[in-house]
Amino acid sequence: MLTVDAIDTFIGQFHILEGVSVEVPQGSITVLLGRNGAGKTTTLKSILGLTPPRSGKITFQGKTLNGRTPYQIASMGIGYVPEHRAIFKELTVRENLLIAGRKRGDLERNIDMIFDLFPDLKRLYALPGGNLSGGQQQMLAIARALVPENHLLLIDEPSEGLAPVIIEQLMAAIKRFSQDRTVLLVEQNFRVASRLADHYVIIDDGHSVASGAMANLVHDEALIQRYLGVA
Amino acid sequence: MNLRKALGNRGSTWLLIAGIFIAILAFSLFSAGGNMGTFAITLLSGLLRGMLLFLVAAGLSLIFGLMDILNFAQGAFFMVGAYLAYDVSHPSGGALTAGAAIPDPNLRFIVGLVLAVIVGGALGFVLERGLLRPLYKRPLFQLVLTFGVSIIMLEGIKAIWGGTPYIWTERLVAQDAQFFVFGQQFSVYRLVIIVVGFALMAGVALLLRRTRIGIIIRAGVQDAEMVNALGINVRAVFTLVFVIGCALAALGGGVAAPFLGATLSMGNTFLLASIAAIVLGGLGSYEGTAIASLLVGLGWATMEQFSVRPEVGTVVASITPMLMLVVILLLKPSGLFGEER
Numbered sequence: 019m020l021t022v023d024a025i026d027t028f029i030g031q032f033h034i035l036e037g038v039s040v041e042v043p044q045g046s047i048t049v050l051l052g053r054n055g056a057g058k059t060t061t062l063k064s065i066l067g068l069t070p071p072r073s074g075k076i077t078f079q080g081k082t083l084n085g086r087t088p089y090q091i092a093s094m095g096i097g098y099v100p101e102h103r104a105i106f107k108e109l110t111v112r113e114n115l116l117i118a119g120r121k122r123g124d125l126e127r128n129i130d131m132i133f134d135l136f137p138d139l140k141r142l143y144a145l146p147g148g149n150l151s152g153g154q155q156q157m158l159a160i161a162r163a164l165v166p167e168n169h170l171l172l173i174d175e176p177s178e179g180l181a182p183v184i185i186e187q188l189m190a191a192i193k194r195f196s197q198d199r200t201v202l203l204v205e206q207n208f209r210v211a212s213r214l215a216d217h218y219v220i221i222d223d224g225h226s227v228a229s230g231a232m233a234n235l236v237h238d239e240a241l242i243q244r245y246l247g248v249a
Numbered sequence: 010m011n012l013r014k015a016l017g018n019r020g021s022t023w024l025l026i027a028g029i030f031i032a033i034l035a036f037s038l039f040s041a042g043g044n045m046g047t048f049a050i051t052l053l054s055g056l057l058r059g060m061l062l063f064l065v066a067a068g069l070s071l072i073f074g075l076m077d078i079l080n081f082a083q084g085a086f087f088m089v090g091a092y093l094a095y096d097v098s099h100p101s102g103g104a105l106t107a108g109a110a111i112p113d114p115n116l117r118f119i120v121g122l123v124l125a126v127i128v129g130g131a132l133g134f135v136l137e138r139g140l141l142r143p144l145y146k147r148p149l150f151q152l153v154l155t156f157g158v159s160i161i162m163l164e165g166i167k168a169i170w171g172g173t174p175y176i177w178t179e180r181l182v183a184q185d186a187q188f189f190v191f192g193q194q195f196s197v198y199r200l201v202i203i204v205v206g207f208a209l210m211a212g213v214a215l216l217l218r219r220t221r222i223g224i225i226i227r228a229g230v231q232d233a234e235m236v237n238a239l240g241i242n243v244r245a246v247f248t249l250v251f252v253i254g255c256a257l258a259a260l261g262g263g264v265a266a267p268f269l270g271a272t273l274s275m276g277n278t279f280l281l282a283s284i285a286a287i288v289l290g291g292l293g294s295y296e297g298t299a300i301a302s303l304l305v306g307l308g309w310a311t312m313e314q315f316s317v318r319p320e321v322g323t324v325v326a327s328i329t330p331m332l333m334l335v336v337i338l339l340l341k342p343s344g345l346f347g348e349e350r
């Protein structure tokens with residue numbers, strides 16, 4: 019569904035990604051793993067055109083994304099849940115969701131599904147986003163990506179800074195909506211990643227160094243220890 | 010527990026606004042020497058000044074909030090509006106004689122206002138699309154560019170209309186109609202501007218609160234990149250807001266022309282006062298800008314009344330917006346409704 023082929027991305031003068039390749043099969047959850055600063059977030063931003071790659075090729079459903087603006091790429095059916103949520107704090111929960119719709123009636127069509135996944139949002143619907151707790155803001159950020167008809171969701175560090183009970187709720191929600199959507203996830207928490215993902219790609223110091231089925235990675239302690247530092 | 014904690018941040022802001030308003034009212038009454046007629050006229054003049062400031066400052070604030078551009082040319086748009094409204098209304102007095110085909114002066118004035126809005130919006134479109142867009146990643150260059158454009162517009166006006174100030178001579182029906190407050194007369198036209206100003210203020214607020222484009226603009230003020238990542242063409246929204254902002258400023262100049270005339274200094278006077286209003290209201294906050302425009306307008310008119318006294322001098326009135334800015338920023342450094350940036 020999504021192919022990232024040997025991209026090089028610079029931020030200012032810094033060469034952040036050096037030949038990163040990622041393959042995301044349709045209907046799967048693929049996770050980008052790696053240490054802090056390895057280039058995982060930049061990979062997501064490069065896909066969406068927020069930090070466009072200087073070389074290499076990105077294709078989504080057979081169409082090339084290179085040269086398109088972020089809003090054009092998002093409009094092709096790619097939802098983005100950024101690190102630190104980036105919800106609009108002065109907008110209400112309803113307005114945060116409403117703004118994400120691309121076609122008339124998107125919110126009305128999907129609001130029951132969203133409330134079913136995240137019941138908390140129903141009672142918080144009229145409150146400003148800034149009044150929500152960290153976990154609720156994360157739910158809102160994910161819900162926002164579910165309002166339009168997105169075929170691929172890019173989700174960056176959904177468990178960051180959240181209590182274990184909230185992480186469990188989010189994992190359950192991601193598992194449920196991924197049944198009819200493809201997900202590319204960035205996750206530092208290996209336990210969370212291993213339970214959610216079907217496939218993995220390890221990024222280390224701007225390079226994609228390993229990839230495959232998650233079921234194989236969980237048994238490869240040497241690889242885990244080497245690139246992720248998890249015992 | 011201190012007052013801010015007890016009231017919350019918003020509560021303390023409203024308390025501060027109420028305090029400033031009461032202080033202005035008290036000083037205005039003192040400046041009027043207790044004469045209720047003079048007091049009422051000063052307040053009405055202050056509201057009028059506030060509305061004109063709002064028309065310049067609203068665009069300035071929305072453009073800054075959304076695009077991080079302080080448009081120094083905003084005052085020049087105000088001036089363009091005034092010259093166009095004057096010219097169309099005075100077929101034999103302006104440079105373009107654009108209104109010669111319309112016999113009724115009231116209709117000429119309305120056509121002049123429409124032309125001012127169209128020309129203001131069109132020039133804003135050209136400025137944003139043609140000049141500012143290539144510089145979005147260079148904020149300092151944008152600042153210098155808008156300053157340069159304001160000079161070019163000033164010179165353009167000088168080339169078309171010359172340097173001599175124009176004094177409005179055509180009489181409009183609403184100008185001739187007067188009403189009395191405590192024995193003092195006030196023009197109906199000025200009252201109409203106050204009412205229309207309030208209507209515009211509420212209209213823009215409704216646009217921002219109730220419509221999808223308004224929600225997008227408010228979201229863009231907070232995080233334009235995220236709006237873009239949602240699949241919304243933020244650049245098109247930038248253009249729209251810029252055009253609306255410039256058109257509003259030109260409309261402000263147009264409606265001010267019947268009593269301020271058309272002069273080369275009017276743009277800078279209103280630009281500086283508007284910058285004071287948007288900083289005082291809190292950068293990027295629409296409601297802050299609206300309230301601050303009214304407060305600055307009232308303070309300005311009050312000081313003009315005060316400076317009528319020979320021992321004071323008129324210079325005090327002209328520095329009022331900046332004085333108010335300094336005092337309020339000392340009390341609340343981020344402005345009335347602003348967030349730390």
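Just so you know, the protein sequences line up as chains A and B, in that order. So for the first sequence, my numbering puts the first residue at 19; every next one is plus one. So for the second sequence, my numbering puts the first residue at 10; every next one is plus one. Virtual Cβ for every residue (Gly too), placed ideally from N, Cα, C.
Next item on the list: Measure the C-alpha to C-alpha separation of phenylalanine 251 of chain B and aspartate 77 of chain B and round it to an integer number of angstroms.
Entry: 12 Å
Next item on the list: Could you tell me which uninterrupted alpha helix (DSSP H) segments, each at least 4 residues in length, are contained entirely in the stretch 199–258 of chain B, listed from first to last along the chain?
Entry: 221–238
Checklist line | Of the listed residues A:Val165, A:Gly153, A:Phe195, nearest to valine 183 of chain A (C-alpha basis) | finding: A check of alpha carbon separations from valine 183 of chain A across A:Val165, A:Gly153, A:Phe195 identifies A:Gly153 as the nearest.
Checklist line | Secondary structure of isoleucine 78 of chain B, DSSP reduced to three states | finding: In this structure, isoleucine 78 of chain B counts as coil in the three-state DSSP scheme.
Notebook entry, point to check: Counting Cβ pairs closer than 8 Å, one from the stretch 61–77 of chain B and one from the stretch 291–300 of chain B, do we hit at least three?
Noted result: yes
Next item on the list: Report back the beta-carbon spacing between isoleucine 284 of chain B and leucine 71 of chain B to the nearest angstrom; my notes put them in contact at under 8 Å.
Entry: Actually they do not touch by this definition, with Cβ atoms about 14 Å apart.
Next item on the list: With a threshold of 16 other CB atoms inside 10 Å of the CB of threonine 173 of chain B, please say whether the residue is buried or exposed.
Entry: Burial call: exposed.
Checklist line | Neighbour list for arginine 199 of chain B in chain A, Cβ cutoff strictly below 8 Å | finding: Those within 8 Å of arginine 199 of chain B in chain A number zero; the least Cβ separation is about 35 Å.
Margin query: Give me, in chain order, the residues of the same chain whose beta-carbon lies closer than 6 Å to that of serine 177 of chain A; leave out the 5 immediate sequence neighbours on both sides.
Written below: Ile185, Asn207, Val210
Next item on the list: State buried or exposed for arginine 122 of chain A, treating a residue as buried only when at least 16 other CB atoms are found within 10 Å of its CB.
Entry: exposed
Check: In the stretch 225–242 of chain B, which residues sit with their C-beta less than 7 Å from some C-beta in chain A, listed in chain order?
Finding: Ile225, Arg227, Ala228, Gln231, Asp232, Glu234, Met235, Asn237, Ala238, Leu239, Gly240, Ile241, Asn242
Next item on the list: Go through its chain and collect everything with a Cβ distance to threonine 329 of chain B's Cβ below 7 Å, but skip five positions before and after it.
Entry: Within the same chain, threonine 329 of chain B has close Cβ partners Gly308, Trp309, Met312.
Next item on the list: Work out the CA separation of arginine 244 of chain B and methionine 60 of chain B for me, nearest whole Å.
Entry: Their Cα atoms are separated by approximately 29 Å.
Notebook entry, point to check: Which full runs of the beta strand (DSSP E) of 3+ residues lie inside the stretch 147–189 of chain A, going along the chain?
Noted result: 170–174
Item checked: arginine 72 of chain A to alanine 163 of chain A span [Cα, whole Å] -> When rounded, the distance between both Cα atoms is 27 Å.
Margin query: For the stretch 67–90 of chain A, list every residue whose C-beta sits within 7 Å of some C-beta in chain B, in sequence order.
Written below: Leu68, Pro88, Tyr89
Notebook entry, point to check: Using the C-alpha atoms, what's the distance from phenylalanine 32 of chain A back to aspartate 174 of chain A?
Noted result: 21 Å
Checklist line | Three-state secondary structure assigned by DSSP to glycine 133 of chain B | finding: Shown here, glycine 133 of chain B sits in a helix according to DSSP, grouped into three states.
Next item on the list: Could you name the residues of the same chain whose beta carbon sits closer than 8 Å to that of leucine 68 of chain A, not counting the 5 residues immediately before and after it, in chain order?
Entry: If we look at leucine 68 of chain A and ignore the five residues flanking it on each side, its Cβ neighbours are Pro88.
Checklist line | Where glycine 215 of chain B falls, given that 16 or more other Cβ within 10 Å makes a residue buried | finding: Looking at the sequence provided, one finds leucine at residue 215 of chain B rather than glycine. By the neighbour-count criterion, in which 16 or more other beta carbons inside 10 Å mark a residue as buried, leucine 215 of chain B falls on the exposed side.
Note to self: The alpha helix (DSSP H) that contains phenylalanine 86 of chain B, what's its start and end?
What the structure shows: Its alpha helix (DSSP H) spans residues 83–98.
Notebook entry, point to check: Could you give the C-beta distance for leucine 135 of chain A and alanine 191 of chain A, rounded to a whole number, given that I count them as a contact under 8 Å?
Noted result: 5 Å
Notebook entry, point to check: Does any residue of chain B bring its CB to less than 9 Å from the CB of isoleucine 129 of chain A?
Noted result: no
Checklist line | Interface positions of the stretch 100–119 of chain A facing chain C (Cβ-Cβ less than 9 Å), listed along the chain | finding: Absence of chain C from the displayed structure is noted, the protein chains being A and B.
Check: With distances taken from CA atoms, which of A:Asp26, A:Ala56, A:Glu36, A:Thr48 is nearest aspartate 223 of chain A?
Finding: A:Ala56
Note to self: Residues of chain A with CB closer than 7 Å to the CB of arginine 19 of chain B, please, in chain order.
What the structure shows: By Cβ distance, chain A contributes nothing, its closest Cβ being about 11 Å from arginine 19 of chain B, past 7 Å.
Checklist line | Within chain A, the residues that arginine 221 of chain B reaches when beta carbons sit closer than 9 Å | finding: Leu116, Ile117, Gly119
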